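Sequential numbering of the sequence shown, starting at 11, is according to my numbering. Ideal Cβ positions, reconstructed from N, Cα and C, are used throughout, including at glycine. Predicted, not measured: the structure shown is a model, and the values here were computed from it. The structure under discussion appears below in the form of structure tokens.
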Amino acid sequence: MVKGAPVVVGAPVVGGAPMAGRIPTGEGDAEAAVRVGPGAFPTVGAALRALPAGGMVSIAPGRYPEQLVLDRAVRLVAASGPGTVWLAGVGPLIVRAPVVMDGLGLAGADPAAATLLVTAGVAELADCDIVGGRVEIAGGSAHLRGCRIAGADLAGLHVLGDGRATLTGCVVESVAGTGVVAAGEAVVDLVDSRVSRVRGSGLRLRGRATLWARNCEISRSGRSGLLVEEDCAAMLEGCLFLNPGREGIRLLGPPADAGASAADPGSSGDAGSSGDGDGSGDGDGSGDADAAGDERGAGVRLVACEIVQAGADGLLLEGAARASLVRCRIRRTALAGVVALGHAELRLDSCDIDAAGTSGLVARGKASLHGVGGAVRGCAANGVFLTDGARAVLAGLTVETSGYSNVHLGADAYGELSGGRLRGTPEHGLHVAGAAVARLRGVSVAGSAMSGIQTEGTAALTADDCELDGNANGLAVAAGTSAVCTGCRITGGSGAGVQIGTDAEATLRTCRVERTGAAGVVLAQRARARLEDCEIVETGGSALVIWTGASPVVRSTRLRRPAKNGLFVGDGAAGTFEDCEIAGSGLPAVHVGDGARPRLVGCRILDCEADLSLAEGAEPEFARCEVRDVRQVRLPGATGAGGGSPDAAVGTGPAAVGAPTDPDRRGRRGAARERPTASLADLLGELAGLVGLERVKQDVGAQVKLMRTVRRRQEAGLPAPPLSRHLVFAGNPGTGKTTVARLYGRLLAALGILERGHLVEADRSDMVGEYVGHTAPKTQAIFRRALGGVLFVDEAYSLVPPGLGNDFGQEAIATLVKLMEDHRDRVVVIVAGYPAEMTRFVTSNPGLASRFSRVIPFEDYTCAELTQIVAGQCRQHEYELPAPTVAALDSYFAALPRNRGFGNGRLARQVFQQMTENQAQRVAELAVPTTEDLLRLDSVDLPELGAGS
Numbered sequence: 011m012v013k014g015a016p017v018v019v020g021a022p023v024v025g026g027a028p029m030a031g032r033i034p035t036g037e038g039d040a041e042a043a044v045r046v047g048p049g050a051f052p053t054v055g056a057a058l059r060a061l062p063a064g065g066m067v068s069i070a071p072g073r074y075p076e077q078l079v080l081d082r083a084v085r086l087v088a089a090s091g092p093g094t095v096w097l098a099g100v101g102p103l104i105v106r107a108p109v110v111m112d113g114l115g116l117a118g119a120d121p122a123a124a125t126l127l128v129t130a131g132v133a134e135l136a137d138c139d140i141v142g143g144r145v146e147i148a149g150g151s152a153h154l155r156g157c158r159i160a161g162a163d164l165a166g167l168h169v170l171g172d173g174r175a176t177l178t179g180c181v182v183e184s185v186a187g188t189g190v191v192a193a194g195e196a197v198v199d200l201v202d203s204r205v206s207r208v209r210g211s212g213l214r215l216r217g218r219a220t221l222w223a224r225n226c227e228i229s230r231s232g233r234s235g236l237l238v239e240e241d242c243a244a245m246l247e248g249c250l251f252l253n254p255g256r257e258g259i260r261l262l263g264p265p266a267d268a269g270a271s272a273a274d275p276g277s278s279g280d281a282g283s284s285g286d287g288d289g290s291g292d293g294d295g296s297g298d299a300d301a302a303g304d305e306r307g308a309g310v311r312l313v314a315c316e317i318v319q320a321g322a323d324g325l326l327l328e329g330a331a332r333a334s335l336v337r338c339r340i341r342r343t344a345l346a347g348v349v350a351l352g353h354a355e356l357r358l359d360s361c362d363i364d365a366a367g368t369s370g371l372v373a374r375g376k377a378s379l380h381g382v383g384g385a386v387r388g389c390a391a392n393g394v395f396l397t398d399g400a401r402a403v404l405a406g407l408t409v410e411t412s413g414y415s416n417v418h419l420g421a422d423a424y425g426e427l428s429g430g431r432l433r434g435t436p437e438h439g440l441h442v443a444g445a446a447v448a449r450l451r452g453v454s455v456a457g458s459a460m461s462g463i464q465t466e467g468t469a470a471l472t473a474d475d476c477e478l479d480g481n482a483n484g485l486a487v488a489a490g491t492s493a494v495c496t497g498c499r500i501t502g503g504s505g506a507g508v509q510i511g512t513d514a515e516a517t518l519r520t521c522r523v524e525r526t527g528a529a530g531v532v533l534a535q536r537a538r539a540r541l542e543d544c545e546i547v548e549t550g551g552s553a554l555v556i557w558t559g560a561s562p563v564v565r566s567t568r569l570r571r572p573a574k575n576g577l578f579v580g581d582g583a584a585g586t587f588e589d590c591e592i593a594g595s596g597l598p599a600v601h602v603g604d605g606a607r608p609r610l611v612g613c614r615i616l617d618c619e620a621d622l623s624l625a626e627g628a629e630p631e632f633a634r635c636e637v638r639d640v641r642q643v644r645l646p647g648a649t650g651a652g653g654g655s656p657d658a659a660v661g662t663g664p665a666a667v668g669a670p671t672d673p674d675r676r677g678r679r680g681a682a683r684e685r686p687t688a689s690l691a692d693l694l695g696e697l698a699g700l701v702g703l704e705r706v707k708q709d710v711g712a713q714v715k716l717m718r719t720v721r722r723r724q725e726a727g728l729p730a731p732p733l734s735r736h737l738v739f740a741g742n743p744g745t746g747k748t749t750v751a752r753l754y755g756r757l758l759a760a761l762g763i764l765e766r767g768h769l770v771e772a773d774r775s776d777m778v779g780e781y782v783g784h785t786a787p788k789t790q791a792i793f794r795r796a797l798g799g800v801l802f803v804d805e806a807y808s809l810v811p812p813g814l815g816n817d818f819g820q821e822a823i824a825t826l827v828k829l830m831e832d833h834r835d836r837v838v839v840i841v842a843g844y845p846a847e848m849t850r851f852v853t854s855n856p857g858l859a860s861r862f863s864r865v866i867p868f869e870d871y872t873c874a875e876l877t878q879i880v881a882g883q884c885r886q887h888e889y890e891l892p893a894p895t896v897a898a899l900d901s902y903f904a905a906l907p908r909n910r911g912f913g914n915g916r917l918a919r920q921v922f923q924q925m926t927e928n929q930a931q932r933v934a935e936l937a938v939p940t941t942e943d944l945l946r947l948d949s950v951d952l953p954e955l956g957a958g959s
């Protein structure tokens with residue numbers, strides 16, 4: 011025999027007599043057994059040639075460099091147990107018949123080739139080690155129990171064609187490729203097995219392969235834990251996917267159409283690639299276009315499985331992939347928990363997604379989601395993110411403590427939520443943007459730092475029997491959107507219960523709004539609204555506020571115990587109010603602004619100090635209205651009900667402009683001063699209108715653009731880029747630092763980055779105590795006041811006086827740095843002062859240097875800019891500044907010394923004040939001053955040089 015040639019089991023036996031090494035059994039040849047080793051057959055091949063079909067070969071310990079082809083029934087057994095016998099041929103051990111192997115080791119010569127190749131029959135292996143090459147099942151079937159496959163390239167186990175493989179209690183590890191590959195019509199069944207430390211995917215299915223897996227662990231794969239392509243099917247129960255390098259599970263379904271979306275909002279890999287780089291193909295030509303176009307669509311089903319610490323998304327579905335998850339848990343993924351793209355279909359039943367690195371549950375393209383029960387918790391971006399044309403129907407889902415809005419619907423997405431809970435978010439509980447449509451029934455929304463529900467763009471909302479509790483604002487219907495709410499309850503919160511934006515449309519039926527921090531329901535300019543059979547109770551502001559151009563229809567609605575007005579109709583507003591009740595208001599029950607024309611029919615006003623306050627030009631109309639238990643009755647035509655008389659006063663007809671009102675004829679005493687928040691465009695216009703500061707405007711504008719981009723990335727479920735919102739304002743006194751800081755906070759609030767955007771000013775005296783233990787509480791107190799807005803620390807360098815290393819200011823800085831870290835998403839800190847001193851301040855503490863990485867320089871005003879500031883003061887206070895005076899101002903400012911104490915804008919305002927005082931003294935000496943004398947400031951009114959500086 012040529013050395014290295016394969017030994018074929020089916021070779022004829024020479025003669026019929028018993029040979030050396032045969033184990034007498036007293037039975038027929040079918041049960042014969044032979045030995046290999048000392049005193050027996052020297053090689054396995056020799057023993058096999060002497061053995062009839064169905065016999066057993068008992069092999070003594072040793073390494074046998076033989077290449078075997080087993081094409082008839084045989085059993086190979088390691089005489090001394092597992093780990094003692096190694097078959098190490100130059101090629102694979104080939105199985106073509108029913109074969110049993112117990113306790114053998116198979117060592118391959120080439121890791122990229124097969125060590126065991128099954129082409130027909132049934133191979134049964136128990137307690138075997140297969141190393142240095144893959145196990146390949148190209149036909150027939152293999153059953154492995156308690157076996158280990160290791161050290162292969164490309165794949166550990168490759169099942170193709172119509173091959174079948176069952177692994178029970180096995181380990182596949184240390185593979186420089188994919189752990190297990192199934193292709194064609196192959197079927198793989200894994201039970202109580204582990205696939206670990208493979209460079210490619212742990213498991214990979216292609217063509218029309220099928221996977222069954224129970225109680226398995228797939229850990230530390232270099233790529234996906236499970237990769238399913240084309241038209242495969244997988245059923246997994248009780249499996250754990252631990253630390254995959256990329257997705258826990260990735261499903262690449264057949265393309266539904268050429269236009270299906272392939273964008274991946276959260277995956278770091280290439281969405282169009284389906285390979286692992288392992289070079290393992292189908293081997294039988296399956297997986298072609300015919301297979302992809304077939305209607306099989308078996309999909310993937312997971313029951314009680316867990317995906318932990320995936321390096322990208324936990325579960326990613328693309329194309330027309332389909333998956334069903336029952337009682338599964340996905341935790342601590344680097345990117346999204348679950349992502350469905352294209353035309354993917356996903357069903358979730360009682361599944362949990364925790365601590366995703368971006369959004370928890372994402373659907374894009376035309377993907378569809380159906381969920382029952384379960385929870386999405388602690389995700390860094392949105393809990394649920396739907397966009398494009400995605401659809402989701404989610405029942406009983408809890409979404410809480412998301413980094414952004416708990417649920418976001420954008421573009422043309424459609425979402426139905428029923429019986430779920432949205433809790434605890436620094437943004438909105440539900441954010442419906444673009445042209446998205448949301449339908450809610452029985453949903454509870456609580457603890458949102460912005461709005462419980464916010465609509466934007468042209469979005470539409472329908473909400474039935476929902477509860478919104480403890481959100482900063484309950485429902486915010488932004489410009490151009492619409493909302494219909496029936497049977498909803500909106501309670502608590504620091505802001506308004508319902509805000510209906512400019513040109514927005516809303517209908518509230520049988521809703522209750524109570525215990526709000528501000529107004530109950532607010533209609534912005536030209537808002538369209540209908541309120542029917544609603545209650546607005548115990549609001550911190552007015553119960554119902556109507557602004558210019560808005561004209562709602564309000565019927566059978568009760569406005570009770572508001573802290574301010576029951577009904578506030580702003581200047582130029584209108585509306586029809588029928589059969590409504592206003593009771594127990596803190597200010598006059600109804601306030602009507604200048605030019606407002608509301609019509610109140612059949613309304614009742616009860617238990618108030620005053621029933622009505624009118625601004626000049628108000629034109630309300632009253633018909634069949636009643637007043638009871640009101641001390642000051644002002645309703646036109648009402649008689650005999652003052653002083654708390656129990657008799658009713660009925661008012662009919664329009665209110666005259668000269669009718670009795672508050673002592674302040676403009677109605678300011680009774681009017682609640684709610685004002686809509688300035689828009690981003692208005693605030694940017696205000697910034698552009700500041701005198702000078704061109705470099706500052708550019709820097710702040712760049713910050714605003716950056717924050718807007720960050721916001722958009724967050725809403726898209728993408729991670730925010732690393733950046734610091736905290737700023738250093740370096741400049742001399744009077745250069746507008748405080749003004750810009752206040753405006754910056756309002757800009758961030760308009761962008762939704764900050765909750766309120768208010769400015770809290772502080773200096774050393776507000777932060778540093780006089781004795782031990784006093785500094786930290788003072789710093790904490792001023793910081794808490796700034797939460798939701800901007801903390802502006804002026805002359806911040808004074809916290810680190812030069813030469814005083816043990817100063818309490820260092821404690822204030824340490825406290826401030828910790829607070830900035832603990833509340834980094836809720837506050838912006840701006841430190842300001844002279845340029846050189848601020849450089850020293852920032853470098854005095856490593857924590858400051860890392861948090862204040864952006865410095866905005868404020869340059870001194872030029873002489874012309876100082877003159878513009880004085881001119882602005884003149885316009886504001888109705889003074890005139892002739893051209894000669896303007897020239898004199900330019901010369902005046904040019905002559906002033908520019909030393910360290912130069913006051914810049916503050917100096918300009920002081921000069922204006924001194925000019926008005928000098929002008930007053932001058933005009934007072936005129937016998938009959940004209941209007942022009944009273945308006946004009948002349949050059950003689952300028953203070954002497956040095957007096958204004």
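Check your understanding: Under a Cβ-count criterion, where at least 16 other Cβ atoms within 10 Å of its own Cβ denotes burial, should R82 be classed as buried or exposed?
Key -> buried
Exercise for review: Using three-state DSSP, classify E146 as helix, strand or coil.
Suggested key: strand
**Study point:** Residue closest to S689, alpha-carbon to alpha-carbon, out of R735, A489, D172
**Key:** A489
Practice item. Could you please give the first and the last residue of the uninterrupted alpha helix (DSSP H) stretch that includes E696? Key: 690 to 698
Check your understanding: Just reading off the alpha helix (DSSP H) that A760 is part of, what are its end residues?
Key -> 747 to 761
Point to revise | Entirely enclosed beta strand (DSSP E) segments - the stretch 530 to 582, minimum 3 residues | key: 531 to 533, 538 to 542, 545 to 547, 554 to 556, 563 to 565, 568 to 570, 577 to 579
Check your understanding: Near V600, what residues of its chain come up, given a Cβ to Cβ distance below 6 Å and the 5 sequence neighbours on each side ignored?
Key -> L577, L622
Practice item. May I ask which residues mark the beginning and end of the beta strand (DSSP E) holding V738? Key: 737 to 741
Point to revise | Beta-carbon contacts of L154 that lie in its chain and below 6 Å, excluding the five residues immediately before and after | key: L135, L177, C180
**Study point:** Distance between beta carbons of G603 and C635, contact taken as under 8 Å
**Key:** Wrong, their Cβ atoms sit about 19 Å apart, outside the cutoff.
Check your understanding: What does A160 pair with, by DSSP beta-bridge criteria?
Key -> V141, E183
Practice item. Apply the 10 Å Cβ neighbour rule to K376 and answer buried if 16 or more other Cβ atoms are within range, or exposed otherwise. Key: buried
Practice item. List the whole-angstrom C-beta distance separating F868 from K747, where the pair is believed to meet the contact cut-off of C-beta under 8 Å. Key: 6 Å
Review point. Does the Cβ-Cβ distance between G511 and A537 come in under 8 Å?
Key: yes
Practice item. Under the assumption that L8 contacts T877 (Cβ atoms under 8 Å), give the Cβ distance between them as a whole number of angstroms. Key: In this structure the chain extends from 11 to 959, so residue 8 is not present and cannot be described.
Exercise for review: Note down the Cα distance separating D617 from L485, rounded to an integer number of angstroms.
Suggested key: 29 Å
Check your understanding: Measuring CB to CB, does R207 end up less than 8 Å from E183?
Key -> yes
Review point. Given a threshold of 16 other Cβ atoms within 10 Å of its Cβ, counted over all protein chains shown, does G263 qualify as buried or as exposed?
Key: buried
Check your understanding: What separation, rounded to the nearest whole angstrom, lies between the Cα atoms of A930 and L944?
Key -> 8 Å
Exercise for review: For R230, collect the residues of the same chain with a Cβ closer than 6 Å to its Cβ; drop the 5 residues on either side in sequence, then sort them by chain order.
Suggested key: S206, R207, N253
Exercise for review: Could you work out which residue in F818, R433, G91 is closest to D137 when comparing CA atoms only?
Suggested key: G91
**Study point:** Per-residue DSSP class, three states only, for R946
**Key:** strand
Practice item. Count the other C-beta atoms from every protein chain shown that fall within 10 angstroms of the C-beta of L784, then say buried if there are 16 or more, exposed otherwise. Key: Reading the sequence as shown, one finds His at residue 784 and not Leu. Exposed, because fewer than 16 other Cβ atoms sit within 10 Å of the Cβ of H784.
Point to revise | Close Cβ partners of L200 (< 6 Å) along its chain, the five nearest in sequence each way excluded | key: L177, A223, C226
Point to revise | Spatially closest choice to G347 from A320, V198, A148, A333, by CA coordinates | key: A320
Practice item. Have a look at V169 and T408 and give me their C-alpha separation to the nearest angstrom. Key: 41 Å
Point to revise | Secondary structure of P845, DSSP reduced to three states | key: helix
Check your understanding: Out of curiosity, what's the CA-to-CA distance linking R919 and T745?
Key -> 12 Å
Review point. In chain order, what residues of the same chain lie with their CB nearer than 7 Å to the CB of T789, ignoring the 5 residues before and after it?
Key: M777, A822, T825, L826
Check your understanding: Under three-state DSSP, which class holds Q886?
Key -> helix
**Study point:** Closest Cα partner of R607 within the set T586, P598, G594
**Key:** T586
Exercise for review: May I ask you to report which of helix, strand or coil DSSP gives G115?
Suggested key: strand
Review point. Buried or exposed: T671, going by 16 or more other Cβ atoms within 10 Å of its Cβ?
Key: Note that T671 has pLDDT 36, beneath the 50 cutoff, so the model's placement of it is unreliable and no number is given.
Review point. How long is the line joining the alpha carbons of S775 and D832, rounded to whole angstroms?
Key: 23 Å
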